[in-house]
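Undergrad:
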Amino acid sequence: MRFVSYLKMPFHFDAARLQADLDRVDTEPWSWHGNRFIYRGEWSGLSFRNRSGDPADLAADSLRGSEFVKTPLLDRCDYISEVMGAFACPLGSVRFLKVAAGAEIDEHVDGGLCYEVGEARLHIPVVTHADLDFRLNGERLVMQPGECWYINANMPHSVANRGAVDRVHLVVDAGVNDWLRGYFEGATCAT
Numbered sequence: 001m002r003f004v005s006y007l008k009m010p011f012h013f014d015a016a017r018l019q020a021d022l023d024r025v026d027t028e029p030w031s032w033h034g035n036r037f038i039y040r041g042e043w044s045g046l047s048f049r050n051r052s053g054d055p056a057d058l059a060a061d062s063l064r065g066s067e068f069v070k071t072p073l074l075d076r077c078d079y080i081s082e083v084m085g086a087f088a089c090p091l092g093s094v095r096f097l098k099v100a101a102g103a104e105i106d107e108h109v110d111g112g113l114c115y116e117v118g119e120a121r122l123h124i125p126v127v128t129h130a131d132l133d134f135r136l137n138g139e140r141l142v143m144q145p146g147e148c149w150y151i152n153a154n155m156p157h158s159v160a161n162r163g164a165v166d167r168v169h170l171v172v173d174a175g176v177n178d179w180l181r182g183y184f185e186g187a188t189c190a191t
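Numbering (this note's numbering), first residue to last: 1 to 191.
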């Protein structure tokens, strides 16, 4: 198995439909991210799939263990359901994660959350801009709405939103199986 830092996946999702789903739920109360010691400003989310079924539960649990279930928000977001269906692999947590204008997330690692140990974190930007600085192992990654990126969250990463617009990504935690492995093994990507 090869070591992968990040990979722009060969999928492209409809940015306008992602935005429409965001608009459907944006008035819901966003839950603050639980790791409050590593950020300033607002880092929050809405959950579509987790272990509890509660849209306020942002826990990104390992795919090992008990079953994941949809939250009531998923019933209001047809396109997110379609996006989830595009992945022929086990899915864990699926969430909108927002880094509000002016917010910063310090460099940190999410231990064990990487392709090499069987769990892949996929980012699908919904709202982003040129003043958003996402860094993985010191390298800036520029992701556009509708793209799908794997990031090795077991490596140091940080986010600084220096713009006037909130950044929102659909973040999907996926289990590595033969289908997903095929994209990694055949791809040209950063190692």
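Don't be surprised by glycine CBs; every beta carbon is placed ideally from N, CA and C.
1. Would you give the residue range spanned by the alpha helix (DSSP H) that Met84 belongs to?
2. Whose C-alpha, out of Glu67, Leu122, Pro156 and Gly186, is nearest the C-alpha of Cys148?
3. For Ser5, which of Phe87, Asn154 and Thr27 has the nearest alpha-carbon?
4. Residues in its own chain within less than 6 Å of Glu139 by CB, not counting five upstream and five downstream?
5. Following the continuous beta strand (DSSP E) through Asp173, name the residue where it begins and the one where it ends.
6. With a CB to CB cut of under 6 Å and the five nearest residues on each side skipped, what residues in its chain are close to Ala164?
7. Could you give the DSSP three-state label for Glu107: helix, strand or coil?
8. Taking the C-alpha atoms as reference points, what is the distance between Leu244 and Pro125?
9. Just to confirm, is the Cβ distance from Gly45 to Phe96 under 8 Å?
10. Can you give the Cα-Cα distance for Ala59 and Val171, rounded to whole angstroms?
11. Could you pull the start and end residues of the beta strand (DSSP E) that Trp43 belongs to?
12. Over what stretch of residues does the alpha helix (DSSP H) that includes Leu141 continue unbroken?
13. In three-state DSSP terms, what is Asp75?
14. Just how far apart, CA to CA, sit Val83 and Arg17?
15. Consult DSSP for Val25 and reduce its assignment to one of helix, strand or coil.
16. Just curious, the beta strand (DSSP E) that Asp133 is in, first and last residue?
17. Sorted by chain position, which residues of the same chain lie with C-beta nearer than 6 Å to Arg162's C-beta, five sequence neighbours on each side aside?
TA: Concretely, from the data shown:
1. Position 84 of the sequence shown, counted from the first residue, corresponds to residue 84. Here the alpha helix (DSSP H) through Met84 covers Asp78 to Gly85.
2. Here residue 148 refers to the residue found at position 148 of the sequence shown. It is Leu122.
3. The sequence position of residue 5 within the sequence shown is 5, counting from 1. With distances taken between Cα atoms, Ser5 lies closest to Asn154.
4. One-based indexing of the sequence shown puts residue 139 at position 139. Nothing listed; no residue qualifies.
5. Counted from its first residue, the sequence shown places residue 173 at position 173. Element bounds for Asp173: Arg167 to Gly175.
6. Counting from 1 along the sequence shown, the entry for residue 164 is found at position 164. The residues are Ala101.
7. Translated into the one-based positions of the sequence shown, residue 107 becomes position 107. If DSSP states are grouped into helix, strand and coil, Glu107 belongs with the strands.
8. The shown model of the chain, from 1 to 191, leaves out residue 244, and the question about it has no answer.
9. Locating residue 45 in the sequence shown gives position 45, where the first residue counts as 1. Locating residue 96 in the sequence shown gives position 96, where the first residue counts as 1. Closer than 8 Å, so yes.
10. Mapped onto the sequence shown, residue 59 falls at position 59. Mapped onto the sequence shown, residue 171 falls at position 171. Straight-line Cα distance between these residues: approximately 12 Å.
11. What you label residue 43 is simply residue 43 of the sequence shown in a count that begins at 1. Trp43 to Asn50 is the span of the beta strand (DSSP E), which, as asked, contains Trp43.
12. Here residue 141 corresponds to residue number 141 of the sequence shown, with the count starting at 1. It is not in any alpha helix (DSSP H) - Leu141 instead sits in the beta strand (DSSP E) that spans Glu139 to Leu141.
13. The sequence position of residue 75 within the sequence shown is 75, counting from 1. Helix at Asp75.
14. Residue 83 sits at position 83 when you count from the first residue of the sequence shown. Residue 17 sits at position 17 when you count from the first residue of the sequence shown. Each residue's alpha carbon lies about 10 Å from the other.
15. Taking the sequence shown and counting its residues from 1, the one referred to as residue 25 is at position 25. It is helical.
16. As a first step, residue 133 is located in the sequence shown; it is residue number 133 there, counting from the start. That run of the beta strand (DSSP E) goes Leu132 to Leu136.
17. Taking the first residue of the sequence shown as 1, we reach residue 162 at position 162. Asp131.
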